[in-house]
Structure formats: structure tokens, C-alpha cells
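Novice: Below are the C-alpha cells for one structure; questions will follow.
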Amino acid sequence: MSETERRRPLIAGREKGPGPGRYALPPTIGFVGHDFTKQTSPAFSFHGRMSNNLYCVDSSPGPRYYIDAKVTRFGRDGSPAYSILGRVKGPVGTFKTPGPGAYSPETATVCGTQRRPPSYTMGSRTRYRSVDAVPAPNKYTLPSLMGSHVLTKPASASFTISGRCKSGGHSEDLSKTPGPGRYNSTDPNIYLPRQPAFSMLGRHGVPNDTAPKPGPGSHNPEKVTVNKPRPPAFSLGIRHTEFVTPLVTDLVD
34 MSETERRRPL
44 IAGREKGPGP
54 GRYALPPTIG
64 FVGHDFTKQT
74 SPAFSFHGRM
84 SNNLYCVDSS
94 PGPRYYIDAK
104 VTRFGRDGSP
114 AYSILGRVKG
124 PVGTFKTPGP
134 GAYSPETATV
144 CGTQRRPPSY
154 TMGSRTRYRS
164 VDAVPAPNKY
174 TLPSLMGSHV
184 LTKPASASFT
194 ISGRCKSGGH
204 SEDLSKTPGP
214 GRYNSTDPNI
224 YLPRQPAFSM
234 LGRHGVPNDT
244 APKPGPGSHN
254 PEKVTVNKPR
264 PPAFSLGIRH
274 TEFVTPLVTD
284 LVD
């Protein structure tokens with residue numbers, strides 16, 4: 034440096050070292066450049082896809098062998114096997130075997146030793162003349178089963194309820210005693226603690242003073258914090274640059 038060159042003053046802001054972003058830690062992912070202070074997970078390599086030309090070179094047999102399902106590792110299984118032959122071709126007129134529809138078992142005679150349900154024979158309707166006085170079915174009525182009027186049927190107990198007698202009965206009030214409805218209810222304030230009572234007066238008149246009076250909306254009690262505890266408050270200033278040279282003055286002895 035030449036002596037004629039002007040020497041610039043040192044600035045504290047330029048003499049600082051690199052920040053945290055200038056340092057880079059080794060990665061913990063992968064195998065190459067892995068952080069040696071951390072445990073490394075197992076790594077595997079994947080081979081590339083083989084060329085299509087190698088398919089025709091490979092002459093190994095694929096899954097083209099047919100293995101019978103009846104052949105096991107112990108040999109053939111012991112399940113039975115059967116063969117079905119074809120129908121015998123013979124003359125048509127030789128065999129005249131009756132089919133299932135040729136039999137009628139319902140018309141066969143039942144033997145006396147076999148059990149059978151009872152059977153009945155129903156005759157035809159009797160032919161009446163139009164002049165015969167035959168009653169219709171709706172002319173017949175069955176007796177009612179309610180009450181004790183049916184002699185051939187068991188009946189439940191029946192009772193007769195008569196009207197109430199005004200004189201001579203058990204409900205007759207000879208002494209003319211008043212009932213509960215004849216008495217008035219007693220005020221509960223007489224035998225129970227009396228509840229508070231209030232009287233409401235009328236609205237007061239408007240004062241004659243014409244000066245403006247503040248209403249309820251003019252007051253802000255929520256902004257009053259003098260009588261309430263409050264946390265400490267701080268004021269934040271602006272950030273000063275580091276390149277400003279502080280003012281240094283000569284001290285007087």
C-alpha cells in the first residue's frame with residue numbers, strides 16, 4: 034500500500050464474521066456424504082432393465098408343464114374313477130318298458146292291513162220347490178253370550194247398579210256440613226315469611242335546565258385502567274444502522 038493512498042476508517046459492521054446460514058451440516062439422507070455422527074440406514078442398489086434382445090437368448094422353460102391334479106408328491110390319489118358307456122342301439126319294438134306316466138298309484142286298491150284316513154261321500158243339493166216355505170240362513174240368530182240369559186253356557190257374575198238416593202242414603206248430609214269448596218284460601222303471607230314488596234312511582238318530569246347532558250353512550254368505562262391492575266408496558270424504538278459512527282467528544286479534565 035502506498036503512503037499517498039488515503040487510509041479509510043474501519044467500520045464495525047464490516048468486520049463481523051459469516052452468519053448461521055453460511056454453515057452447512059452434512060446430510061442424513063442417502064449413503065454418499067452421510068453424517069458420520071448419525072446412524073446410517075441400509076442402502077440398496079437397483080439394477081437397470083435388461084434389454085429385450087435377451088429374451089430370445091434365454092432358453093429356459095417357463096411354466097408350460099401341465100401337472101395332473103390327481104398326482105401328488107406321494108403319487109396318484111386313491112379316489113375312485115368310473116367310465117360311462119354309450120347307449121345300446123337295438124330294435125325299437127323289442128323293449129316296451131312303460132314310462133313313469135303309465136302308472137296311477139292313486140287308483141290302486143288299499144289293502145285292509147294299511148292305515149288310511151277317513152273318507153266321506155258328499156251328495157248333491159236337495160232340490161226344493163219355489164212354493165216351499167224354507168227359511169233363509171239369515172233367519173236364524175244365535176243367543177247372546179253376554180249376561181246370564183244363556184242356560185247352556187257358563188256366565189260370569191253380573192251385578193245391577195241403581196241410581197243414588199238423595200234421602201236415606203249414606204251420602205245424605207243431615208247436618209249440612211260445608212265442603213272444602215265453601216272455605217276461602219288464607220293468604221300465605223299470614224303464616225309464612227312475607228316476601229318483599231315494592232312500589233313503582235311515576236316518571237319524573239324533565240328538568241328545565243337546557244344545558245346538554247351526556248348520555249350513557251358518551252362514557253367509556255372500559256378505557257379506565259387507573260383502578261385496575263395492568264401488565265407492564267414497553268415502548269419499542271427504531272433499529273439503528275451499524276454503520277453510523279458514534280459521536281466522540283474530547284473530555285475536559
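For the sequence shown, the working numbering begins at 34 and goes up steadily by one.
Just so you know, even glycine gets a beta-carbon here, dropped at the ideal spot from N, CA and C.
Just so you know, these numbers come straight off a predicted model, no measurement behind them.
#1: Excluding sequence positions up to five away, which residues of its chain have a Cβ less than 6 Å from the Cβ of A188?
#2: Does R109 come out as helix, strand or coil in the three-state DSSP assignment?
#3: Look at the alpha carbon of G50 and the alpha carbon of Y56, and state the distance between them as a whole number of angstroms.
#4: Cβ atoms of S204 and R197: under 8 Å apart, would you say?
#5: Tell me, which residues are paired with V143 by DSSP?
#6: Can L175 and K186 be called in contact, C-beta distance under 8 Å?
#7: Could you tell me the distance, in whole angstroms, from the CA atom of T258 to the CA atom of H252?
#8: Beta carbon of H67, beta carbon of P60: below 8 Å?
#9: If we ignore side chains and look at the alpha-carbon of each, how far apart do F276 and R41 end up?
#10: Taking just the CA atoms, how far does D206 sit from P226?
#11: Once the 5 residues before and after A102 are set aside, which same chain residues still bring their CB inside 8 Å of it?
#12: Taking the DSSP output, what are the residues bridged to V257?
#13: Determine the direct distance from the alpha carbon of F64 to that of F77, and round the result to whole angstroms.
#14: Can you grab the Cα-Cα spacing for the pair Y115 / G134, in whole Å?
#15: Straight-line CA distance for V281 to P254?
#16: Pull up the CB-CB distance for Y296 and V167, whole angstroms please, since I reckon it's below 8 Å.
#17: Whole angstroms are fine: how far does the CA of P131 sit from the CA of Y98?
#18: Over what stretch of residues does the alpha helix (DSSP H) that includes P221 continue unbroken?
#19: Straight-line CA distance for N158 to D165?
#20: In angstroms, rounded to a whole number, what distance separates the CA positions of I194 and R149?
#21: Roughly how many whole angstroms lie between the Cα atoms of N222 and P211?
Specialist: Result, derived from the coordinates:
#1: S181
#2: strand
#3: 12 Å
#4: yes
#5: V143 pairs with nothing; no bridge assigned.
#6: no
#7: 14 Å
#8: yes
#9: 14 Å
#10: 39 Å
#11: Contacts found: none.
#12: Answer by DSSP bridge pairing: none, since V257 is not bridged.
#13: 10 Å
#14: 31 Å
#15: 51 Å
#16: The requested residue 296 is not part of the displayed model; the chain covers only 34 to 286.
#17: 52 Å
#18: That run of the alpha helix (DSSP H) goes P221 to Y224.
#19: A small fix is needed here, since residue 158 is Arg in this sequence, not Asn. For R158 and D165, the distance between alpha carbons rounds to 15 Å.
#20: About 59 Å.
#21: 26 Å
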